[in-house]
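Chains as they are written, first to last, in the numbering used here: chain A, 277 to 515; chain B, 14 to 307; chain C, 10 to 417; chain D, 191 to 444; chain E, 15 to 289.
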């Protein structure tokens with residue numbers, strides 16, 4: 277059996293003297309959805325940023341498709357099939373919706389035309405066709421989140437890193453966002469998701485890891501973790 | 014007379030605008046001031062002199078100006094900006110680029126001396142005049158305006174229509190997000206410096222064609238004025254740089270006509286301070302408030 | 010070389026201390042003459058030009074046996090045209106034992122240095138600055154004729170050549186001392202001659218666009234323009250006037266005559282351009298000394314400098330004369346390399362005090378203001394040869410100088 | 191408990207461009223209250239703290255503190271009136287030492303900073319006061335370290351000590367236990383209890399429901415910039431809207 | 015070292031401190047060349063035209079310019095970062111142009127007659143200001159200023175009156191620059207507006223940045239090195255500007271935080287902190 281698509285081994289990251297990640301080891305097989313759960317400041321976002329090489333690691337290794345990513349510039353990783361959707365969405369506010377999508381398309385132009393890619397987006401998010409010429413910054417929070425996911429539709433990454441996709445969304449929008457992620461999942465995309473919305477996330481993730489103070493403290497299949505009240509209470513305090 | 018001054022102000026303003034555009038491009042992308050642009054503006058004329066001296070026809074010399082100044086811009090990026098990435102390195106980078114500018118001045122003076130040098134443009138070109146609604150306007154001014162407008166049009170097209178422009182705008186807003194979208198920020202920075210420097214060089218080219226001379230000490234004050242104009246228009250705003258440049262050009266021309274020539278530098282700086290006090294983000298820039306950071 | 014000079018210096022010290030003079034006349038230590046010029050930066054073209062003249066003079070003096078058995082040694086300091094640097098250089102030269110200082114270039118620097126020369130009791134001789142009334146006798150004298158005589162003399166010849174001029178425009182650099190002073194003198198002259206000033210345009214040293222000034226001047230439709238600013242600043246205005254089709258005579262004060270650049274860069278715009286000065290590159294049949302100087306100076310600068318050729322001789326005869334003048338005084342006062350600097354300076358000051366006129370290449374008359382006077386004439390730019398030439402034929406030139414008080 | 195609330199937030203709103211962060215929000219708090227503020231990310235909790243402490247200017251409504259309308263007061267005057275806060279993403283003076291971080295917040299000569307230049311007795315008073323506060327948060331042994339070198343938990347405690355140095359009447363804590371594990375959270379709770387004498391009243395934003403239950407006398411839940419529930423912790427956390435907003439409607443039956 | 019070099023070094027140290035004092039509250043001023051001009055002219059007018067005692071004139075010029083600085087600071091400090099830099103550059107230009115157009119002080123022709131400064135005055139003042147800055151560096155005020163510089167908004171929320179401190183620093187810095195100007199004019203005897211062009215303001219900031227902005231010794235080092243460096247390489251004549259430029263670039267690259275980058279602590283162990 278070949279190596280999993282994403283293998284993180286003993287990853288350490290420090291901000292100056294502060295150790296944000298202290299030896300994280302996890303992996304995601306191709307087509308798997310892996311959830312990383314943890315409180316604020318537990319290092320989830322740092323983990324994603326380290327995987328996408330936005331942060332330098334002080335120790336450990338990250339392998340994507342069998343190749344160590346050490347020293348590879350972040351933008352090149354993105355070109356090779358990784359898409360990192362940061363917390364706070366990462367849309368470029370002063371670019372139009374169309375241009376935002378175009379950026380994603382230019383990364384990895386497929387055989388189909390940009391217009392065809394847009395059609396795929398409209399099929400999923402009909403509202404996007406109305407917003408196409410608008411500046412992304414003028415969209416509502418929910419629409420911006422749609423745009424972020426729409427970018428993934430156009431971009432078709434092999435490995436998707438998503439940081440808190442439900443942040444600040446209304447419940448309806450949260451459902452919508454997860455529906456799209458589920459679609460990605462069925463299409464065979466590998467997804468690493470960081471979320472606060474524990475139930476929703478674990479109910480659709482294959483694997484889950486609980487991060488605490490930069491270390492993995494528990495892991496298991498999504499269903500296992502979800503069934504374990506100790507984990508939930510540990511995470512949410514009490515519930 | 015006044016109409017003629019206004020027309021002249023627009024032409025002068027368009028030269029200011031070219032340099033201000035360079036400043037605002039760099040500032041938009043890096044949030045830093047590139048003082049060396051002033052001296053690249055100064056170099057524009059000397060590149061013409063050098064290339065004509067080497068036997069190049071004037072049209073080729075014009076293209077060489079863009080290329081040489083653009084390439085020098087890459088040097089400036091490497092020396093003064095590559096290492097100073099953090100936000101509090103603003104002053105360090107600015108001073109470093111200023112020092113690069115000082116070196117450029119010195120090298121020009123070593124080569125051509127400190128006094129103005131004639132630019133080899135046929136005098137007939139420079140002297141051709143047309144009458145226009147009772148105004149006497151030099152053809153050269155019209156050419157300059159036309160070339161400037163074309164350059165601005167090309168810039169507008171580059172920035173708003175091409176993939177490179179999209180990337181530049183994306184990096185300007187957030188280098189982090191841009192990287193996450195697969196954009197090579199370093200390359201975008203270089204592209205920005207190349208374009209900005211070529212624009213400043215083009216400004217210098219226009220200036221030297223217009224005045225028939227190139228001078229080693231013209232860059233600094235002209236560049237500072239362009240900086241003020243950038244602030245008047247709104248930093249990082251291309252439209253602001255153009256309109257701000259033309260506004261200042263026209264005001265300066267009229268001030269001289271009405272006998273306020275003695276005030277010189279005061280005009281543009283006082284205008285800038287007034288604008289900034291009334292609208293801290295400049296005429297066209299978004300108001301920068303501290304709240305977003307909190 | 011260095012060691013030898015040190016040895017000589019210690020010999021001199023012994024001599025001063027009252028021991029028997031050991032040195033033979035030929036081995037006397039040199040007399041140190043300081044000079045302050047801008048050798049780097051924007052003023053370097055001037056500095057290099059005048060430095061070449063100073064060096065030629067020193068070489069000539071030394072070749073002729075030096076002064077009382079001592080050679081002259083030129084100590085050259087670079088002030089980069091900054092007045093504060095001029096002061097630094099001045100005091101530094103004094104510290105190095107210079108007995109007299111020559112330079113600096115601009116009125117601003119001269120005005121800064123002159124009072125200090127008096128305070129430090131060190132003679133200083135300026136040979137360029139044009140702004141009137143800033144010399145400070147007895148220690149700080151200027152050999153060059155300032156604008157208050159040069160401008161009236163030039164304007165007089167200009168009016169002789171262009172008697173129909175009634176309306177003039179005055180333009181100038183309001184930001185620079187000599188430019189502003191020249192503007193005032195032009196205005197005064199206009200008033201005296203009954204000329205109507207139809208437009209005044211003030212600009213700055215670093216004005217980038219002269220179009221508005223040119224439009225304003227053209228619009229006022231004057232018969233002639235008087236311009237007072239330094240060469241690099243005047244040039245774009247003159248060019249702009251040409252471009253705008255302004256075809257009237259333009260009189261510039263002596264600021265553009267001095268220096269190497271203006272005449273080489275003015276091009277076809279020089280067609281109507283006049284300036285004020287007292288020498289050109291042309292031979293002067295009445296003055297063989299001058300002709301010899303011009304030939305040698307042009308020859309010399311060809312190889313030792315990168316100045317545009319043929320170099321504009323303009324007022325470089327003045328630094329040359331100044332060196333000879335100083336050498337004369339020293340010779341008469343018995344100064345040689347062994348004379349203590351303080352004493353030598355006092356002797357030179359005394360020599361300068363008694364000086365009423367000096368005949369070198371130029372005939373210099375000293376004025377009670379501490380400035381020199383040399384009769385100036387109207388010069389015209391020749392765009393083809395890139396040289397200045399006299400505007401009037403020798404017999405047409407006005408011989409009577411402008412009014413001034415000579416030293417009594 | 192007196193009749194007039196210590197903090198009286200009256201129908202405030204805060205908009206950024208088209209986005210409404212706080213919408214017609216009224217909250218009042220009496221001396222001695224410890225108010226827990228809960229809600230999902232983006233609910234407007236931090237914006238509320240920013241409005242009260244003066245980091246944001248209000249788009250509408252008014253805030254009264256200690257009987258005074260402070261809606262238009264600048265930051266430092268609110269600080270002097272007795273409002274102190276900590277930040278969600280800890281904001282220490284990182285290049286200053288731990289002791290200096292606390293000491294710079296101490297009051298001197300009735301807030302006339304220049305007067306401190308004319309104090310010739312040395313810094314003994316400040317040293318003592320700062321040390322005392324650092325001891326209270328168990329950081330005395332780190333006094334001379336740079337604040338930027340502290341690990342997360344200690345940085346958080348230092349931020350609290352710094353806030354306490356201003357002798358606040360109302361302390362606003364923005365997610366104080368974020369990133370802390372169980373033990374650290376318990377320790378922080380103990381710290382707060384131990385220093386109760388310096389904290390007359392408090393507003394705590396927290397995700398840790400247990401912490402909120404342990405510490406607060408009253409809880410307000412927010413979502414979309416509005417108040418959706420108010421009452422005791424038990425009441426609020428049983429509120430269906432809160433459950434919905436907080437945990438999300440799970441797809442799986444749990 | 016010659017007297018003059020010693021003097022100019024001293025004036026440049028005072029000027030660097032004047033920028034440093036403004037920088038204490040986190041604002042960068044490119045207007046100090048302008049304030050220097052105001053002081054130089056004010057002190058000159060007071061001694062030459064009004065016959066005032068030199069020390070009184072110096073003090074009055076300092077206080078007056080300080081007040082002008084405070085008045086300008088209120089509106090100027092509404093802007094930040096690059097905008098503040100440009101506003102202060104503008105102030106420098108405006109002050110210079112105003113003096114050029116003021117006939118009472120000679121306009122562009124300049125003013126002369128000031129006499130009587132010695133190196134003792136300059137270095138005496140450096141000693142006084144140095145002791146003051148040392149005293150400040152250990153004070154509660156310094157601590158509050160450091161807090162303001164680190165994070166203005168947080169400092170304000172702790173009750174520190176940031177605007178007041180910024181205005182005071184601006185005024186004191188302007189006043190010190192004015193006194194340095196007064197000393198300069200009385201040493202040079204003659205001044206004109208060109209002595210105080212924008213490069214003066216820029217170079218002074220350069221001294222501080224090259225020397226180090228975190229402690230009061232950095233500016234001294236920066237000013238001394240950059241004043242003496244051109245003298246040291248005087249022998250290289252025409253390569254001086256080139257060397258000057260290259261040295262600046264190299265220093266900024268090698269020591270971006272200045273030659274002396276440590277910060278003096280106001281409490282506890284007074285030893286080196288992190289850069």
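From the three backbone atoms N, C-alpha and C, an ideal C-beta is built for every residue, glycine too. All figures in this text were calculated on a predicted structure; none of them were measured in a lab.
Nearest candidate by alpha-carbon position, reference residue i, set the options
| i | options | result |
| --- | --- | --- |
| residue 243(C) | 114(C), 162(C), 259(C) and 48(C) | 259(C) |
| residue 363(C) | 264(C), 371(C), 384(C) and 334(C) | 334(C) |
| residue 333(D) | 350(D), 346(D), 317(D) and 343(D) | 317(D) |
| residue 274(C) | 390(C), 304(C), 343(C) and 373(C) | 390(C) |
| residue 228(B) | 36(B), 58(B), 87(B) and 75(B) | 58(B) |
| residue 310(C) | 251(C), 77(C), 196(C) and 54(C) | 54(C) |
| residue 264(C) | 114(C), 211(C), 365(C) and 318(C) | 114(C) |
| residue 412(D) | 374(D), 237(D), 289(D) and 295(D) | 237(D) |
Cβ of residue i within 8 Å of any chain C Cβ
| i | result |
| --- | --- |
| residue 278(B) | yes |
| residue 166(B) | no |
| residue 9(E) | This structure does not reach residue 9(E), given that chain E is present from 15 up to 289, and the question cannot be answered. |
Proximity test, Cβ basis, 8 Å: residue i and chain B
| i | result |
| --- | --- |
| residue 395(C) | no |
| residue 52(E) | no |
| residue 256(C) | no |
Any C-beta of chain A under 8 Å from that of residue i
| i | result |
| --- | --- |
| residue 338(D) | yes |
| residue 368(D) | yes |
| residue 102(B) | no |
Reduced DSSP category for residue i - H, G, I as helix; E, B as strand; rest coil
| i | result |
| --- | --- |
| residue 220(D) | coil |
| residue 372(A) | strand |
| residue 168(C) | helix |
| residue 183(E) | helix |
| residue 400(C) | coil |
| residue 253(E) | helix |
| residue 385(C) | coil |
| residue 367(C) | strand |
Where residue i falls, given that 16 or more other Cβ within 10 Å makes a residue buried
| i | result |
| --- | --- |
| residue 72(B) | exposed |
| residue 384(D) | exposed |
| residue 195(D) | buried |
| residue 110(E) | buried |
| residue 14(B) | exposed |
Short CB-CB distance (under 8 Å) between residue i and chain E
| i | result |
| --- | --- |
| residue 102(C) | no |
| residue 293(B) | yes |
Neighbour flag for residue i against chain D, beta carbons, 8 Å
| i | result |
| --- | --- |
| residue 335(A) | no |
| residue 113(E) | no |
Does the structure place the stretch 167-182 of chain E close enough to the stretch 24-31 of chain E that three or more beta carbon pairs sit under 8 Å?
no
Return the residues of the stretch 205-233 of chain B that lie within a Cβ-Cβ distance of less than 9 Å from chain F, sorted by chain order.
Among the chains of the structure shown, chain F does not appear; the protein chains present are A, B, C, D and E.
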